[in-house]
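Colleague:
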Amino acid sequence: MEAIVRPDPRPDASHALVCFSFSGGGTARMRSWARVLPPHVELLLVCYPGREGRFVEPFAADWDALVADAVRVVHHAVTVPYTVPYTVLGHSLGAWVAFEVAVRMGRLGRAPTTVVASASEPPTRWRHKRTRPPTAADTDDELIAWMGRVGQVPAAVLAEPELRAMAVDVLRADIRVSDSYRYRPGVRVDAPIQVLHGTRDHDVDPGTLFDWADLTTASCLIEAVDGGHFYTDEIWASLPTLVYGGADPPTTRRVGSWDPALTQAG
Numbered sequence: 001m002e003a004i005v006r007p008d009p010r011p012d013a014s015h016a017l018v019c020f021s022f023s024g025g026g027t028a029r030m031r032s033w034a035r036v037l038p039p040h041v042e043l044l045l046v047c048y049p050g051r052e053g054r055f056v057e058p059f060a061a062d063w064d065a066l067v068a069d070a071v072r073v074v075h076h077a078v079t080v081p082y083t084v085p086y087t088v089l090g091h092s093l094g095a096w097v098a099f100e101v102a103v104r105m106g107r108l109g110r111a112p113t114t115v116v117a118s119a120s121e122p123p124t125r126w127r128h129k130r131t132r133p134p135t136a137a138d139t140d141d142e143l144i145a146w147m148g149r150v151g152q153v154p155a156a157v158l159a160e161p162e163l164r165a166m167a168v169d170v171l172r173a174d175i176r177v178s179d180s181y182r183y184r185p186g187v188r189v190d191a192p193i194q195v196l197h198g199t200r201d202h203d204v205d206p207g208t209l210f211d212w213a214d215l216t217t218a219s220c221l222i223e224a225v226d227g228g229h230f231y232t233d234e235i236w237a238s239l240p241t242l243v244y245g246g247a248d249p250p251t252t253r254r255v256g257s258w259d260p261a262l263t264q265a266g
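Numbering (full-length UniProt numbering) for the sequence shown: 1 to 266.
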């Protein structure tokens, strides 16, 4: 069982970037991020059950099972053999997983330093998410078309019947899990939230992004990034530089920010 993927093990790292994949995805598209991280940061990719190194395991039965599994995996990864500060980053569905993991890790006294929500409306929008593609009611062809439109799966994969069927199975499993999600009113994370969204992402309503500020006791920063649901290829390849900075990070436009301390001071 390979629940945590370490593309470039760094045993002396003083910080970790823990990443959660999108619906229907795995760790493959995030593995190259290790190359753009600062030397002191190790990339830890959470592999959900039922895919890649956990292919022989059944898919998570529901949302609580998925998050409980992720919390167990992350807690061990950032605690053994020693405790290390960490940031969580989730893309699309993974942003909701990252948020819920951060909340539960906080209850264990191990909250992350930052929560990065990429290409995702806030989890308070869970009712609306169930009515927009991809949905459980979509046919296989509709799901395949959606994956191709947003650039989630390479065209070469969708061209192979066996691989295409596997991609649909994984996506359907994740849709079932996400459909069982219920945000609990009032739940917030004790860490700053950084929100990234594509300027041409038609699967995310930019008008909802400021609601992420209601889900943290700390500050919230919202940044616009060029591209669609997976940004541009260049930005996706260097996405962690938007979190940690870098020699030549992609250009972003700050849309807004909110800091409760400043609000209270006023």
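Here a beta-carbon is modelled for each residue, glycine too, at the ideal position from N, C-alpha and C.
Bear in mind the structure is a predicted one, so any value in this text is a computation, not a measurement.
Nearest to Y86 by CA position, among A60, L45, G50 and S92, is which residue?
Modeller: L45
Colleague: My guess is that V170 and L163 are in contact by the Cβ rule of under 8 Å, so how many angstroms apart are they, rounded?
Modeller: Rounded to the nearest angstrom, the Cβ distance from V170 to L163 is 11 Å, too far for a contact under 8 Å.
Colleague: Report the option in A60, Q194, D203 and W236 whose CA atom is closest to the CA atom of V243.
Modeller: Q194
Colleague: I'd like to check one pair, A60 with F20: are the Cβ atoms closer than 9 Å?
Modeller: no
Colleague: Quick one: what does DSSP say L239 is sitting in, helix, strand or coil?
Modeller: The answer is coil: DSSP assigns L239 none of H, G, I, E or B.
Colleague: Quick one: Cα of A247 to Cα of D141, how far?
Modeller: Note that A247 scores 45 on pLDDT, short of 50, meaning its location in the model is unreliable and no value can be drawn from it.
Colleague: In whole angstroms, give me the CA-to-CA distance for P185 and H229.
Modeller: In a straight line, the C-alpha of P185 is about 27 Å away from that of H229.
Colleague: If we ignore side chains and look at the alpha-carbon of each, how far apart do Q264 and L221 end up?
Modeller: Interpretation of Q264 is limited by its pLDDT of 44, a score under 50 that renders its predicted location unreliable; no figure is taken from the coordinates.
Colleague: Which residues mark the beginning and the end of the beta strand (DSSP E) in which H15 is found?
Modeller: H15 to F20 is the extent of the beta strand (DSSP E) around H15.
Colleague: What does the Cβ neighbour count give for L37, buried or exposed, with the cut at 16 atoms within 10 Å?
Modeller: buried
Colleague: Go through its chain and collect everything with a Cβ distance to T216's Cβ below 6 Å, but skip five positions before and after it.
Modeller: R188, V189 and I193
Colleague: Grouping DSSP H, G and I as helix and E and B as strand, with all else coil, what is A3?
Modeller: coil
Colleague: Identify every residue that forms a DSSP beta bridge with H197.
Modeller: H197 pairs with A224.
Colleague: When you compare only the Cα positions, how much space is there between A191 and A213?
Modeller: 11 Å
Colleague: Smallest Cα separation from H128: which of D233, Y231, R182 and T27?
Modeller: R182
Colleague: What runs of the alpha helix (DSSP H), each 4 residues or longer, lie entirely inside the segment 10 to 86?
Modeller: 63 to 77
Colleague: When the Cα atoms are used, what is the spatial distance from I235 to D226?
Modeller: 8 Å
Colleague: Can you tell which of I175, V103, F22 and R10 has its C-alpha closest to the C-alpha of Y82?
Modeller: R10
Colleague: Count the other CB atoms, across all protein chains shown, that sit within 10 Å of the CB of P58; report buried if there are 16 or more and exposed otherwise.
Modeller: exposed
Colleague: Inspect the beta-carbon positions of W96 and P123 and report whether they are closer than 9 Å.
Modeller: yes
Colleague: Would A237 and W33 be called neighbours here (beta carbons separated by less than 9 Å)?
Modeller: yes
Colleague: Where does D8 fall in DSSP's three states?
Modeller: coil
Colleague: Could you tell me which of G245, D201, D211 and A167 sits nearest to A224, measuring between CA atoms?
Modeller: D201
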